[in-house]
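Worksheet for the structure shown next.
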Amino acid sequence: QVTLKESGPGILQPSHTLSLTCSFSGFSLSTYGMGVSWIRQPSGKGLEWLASIWWNGNTYNNPSLKSRLTVSKDTSNNQAFLKVTSVDTADTATYYCAHTLGSSYTFDYWGQGVMVTVSS
Amino acid sequence: DIKMTQSPSSLSASLGERVTISCRASENINNYLSWYQKKEDGSVKLLIYHTSRLQPGAPSRFSGSGSGKDYSLTISGLESEDIATYYCQQGYTPPLTFGSGTKLEIK
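Here it is as structure tokens:
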């Protein structure tokens with residue numbers, strides 16, 4: 880059974896760096912074809928794919944966020960991480976991590992999401 | 136980037152009714168199209184992947200079809216538990232993109 884759970888700071892100030900953790904079970908991020916992706920949804924808006932990290936360490940980032948994103952993983956502890964630098968109020972959203980199939984870029988299992996508010 | 140245009144943005148239907156949601160990509164996405172259900176509690180589930188493949192555990196009343204740029208999700212017999220917002224997503228090429236969502240309500 881695949882499960883994922885996001886954790887984060889809840890609230891942070893503009894210009895700071897957002898750090899999120901995705902803790903998962905039921906799969907290994909060292910298995911061929913597996914990935915973990917980050918997706919966010921601001922309140923009242925749509926879903927936005929942010930980044931993915933794959934079993935081989937390769938990463939894909941959404942170019943719309945330019946170089947603000949960093950994804951990484953700790954395979955031995957079944958965790959994936961997302962850092963977003965220089966946050967502002969537009970980064971206020973619910974952030975999800977999702978198990979991702981590399982063969983089709985399908986998000987087949989999602990975490991419950993974590994709300995992040997950027998406010999001074 | 137591939138733009139996904141989803142319609143309608145909201146839909147009101149009666150229990151037992153057949154419901155169809157459409158999704159159009161700005162270019163051919165070669166059937167790399169998935170459908171997700173997002174409930175008010177924030178939970179998100181995969182329903183359909185690769186256009187028409189039912190995710191294990193998803194009810195069989197959900198089905199998908201399409202090709203090229205045009206795709207659709209059909210619920211054959213709306214149930215109260217289907218109240219949610221539905222999103223399409225293209226998995227053909229990064230950046231991965233979603234439709235803007237269809238909010239489904241009971242009439």
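Listed in order, the protein sequences are those of chains A and B. Taking our numbering, the leading residue of the first sequence gets 880, the next gets one more, and so forth. Taking our numbering, the leading residue of the second sequence gets 136, the next gets one more, and so forth. The beta carbon of each residue, even a glycine, is placed where N, CA and C say it ideally should be.
Candidates the options, of which the one nearest residue i by Cα
i	options	result
residue 242(B)	213(B), 236(B), 226(B) and 227(B)	213(B)
residue 880(A)	886(A), 905(A) and 897(A)	905(A)
residue 948(A)	961(A), 968(A) and 957(A)	961(A)
residue 893(A)	967(A), 916(A) and 929(A)	967(A)
residue 231(B)	975(A), 985(A) and 969(A)	985(A)
residue 943(A)	891(A), 929(A) and 922(A)	929(A)
residue 987(A)	205(B), 217(B), 145(B) and 181(B)	181(B)
residue 991(A)	146(B), 201(B) and 179(B)	179(B)
residue 158(B)	148(B), 151(B), 216(B) and 186(B)	186(B)
residue 222(B)	172(B), 160(B) and 143(B)	172(B)
residue 831(A)	920(A), 915(A), 945(A) and 922(A)	The structure shown does not extend to residue 831(A), since chain A spans only 880 to 999, so no value can be given for it.
residue 197(B)	141(B), 139(B), 144(B) and 156(B)	156(B)
residue 205(B)	161(B), 229(B) and 152(B)	161(B)
residue 945(A)	965(A), 957(A), 951(A) and 954(A)	965(A)
residue 935(A)	983(A), 913(A), 887(A) and 955(A)	913(A)
residue 911(A)	998(A), 970(A), 989(A) and 982(A)	982(A)
residue 215(B)	183(B), 144(B) and 153(B)	153(B)
residue 895(A)	971(A), 884(A) and 975(A)	971(A)
Partner residues on chain A for residue i, Cβ-Cβ distance less than 8 angstroms
i	result
residue 222(B)	925 and 926
residue 232(B)	928
residue 236(B)	925 and 926
residue 226(B)	983, 984 and 985
residue 206(B)	Residues of chain A passing the Cβ test: none, with the nearest at roughly 14 angstroms.
Contact list for residue i against chain A, beta-carbon separation under 9 angstroms
i	result
residue 197(B)	In chain order: nothing, as chain A lies at least about 15 angstroms away.
residue 169(B)	983, 984, 985, 986 and 987
Proximal residues of chain B, C-beta to C-beta of residue i below 9 angstroms
i	result
residue 973(A)	177
residue 942(A)	136, 229 and 230
Cβ separation of residue i and residue j, assumed to be a contact under 8 angstroms, to the nearest whole Å
i	j	result
residue 959(A)	residue 918(A)	Residue 959(A) to residue 918(A), Cβ: 13 angstroms. No contact.
residue 899(A)	residue 993(A)	7 angstroms
residue 869(A)	residue 996(A)	Nothing in the structure corresponds to residue 869(A), since chain A is present only between 880 and 999.
residue 233(B)	residue 923(A)	The Cβ separation is near 15 angstroms, so there is no contact.
Own chain residues within Cβ distance below 6 angstroms of residue i, not counting five before or after
i	result
residue 174(B)	219
residue 203(B)	163
residue 872(A)	Residue 872(A) is absent from the structure shown; chain A starts at 880 and stops at 999.
residue 224(B)	169 and 233
Listed by chain order, chain A residues near residue i by CB distance under 7 angstroms
i	result
residue 190(B)	987
residue 181(B)	985, 986 and 987
Listed by chain order, chain B residues near residue i by CB distance under 7 angstroms
i	result
residue 1002(A)	Within the shown structure, residues of chain A are numbered from 880 to 999, placing residue 1002(A) beyond reach of any answer.
Residue i Cβ short of 8 angstroms to the ligand COA heavy atom set
i	result
residue 198(B)	Within the structure as shown, the ligand COA is missing, as the structure has no ligands at all.
7 angstroms CB neighbourhood of residue i in its chain, flanking five on each side removed
i	result
residue 257(B)	A question about residue 257(B) goes unanswered here, because the residues of chain B that appear run from 136 up to 242.
residue 882(A)	903, 904 and 905
>> Against chain B, which members of the segment 981-995 of chain A pass a CB distance test of less than 7 angstroms?
In response: 983, 984, 985, 986, 987, 989, 991 and 992
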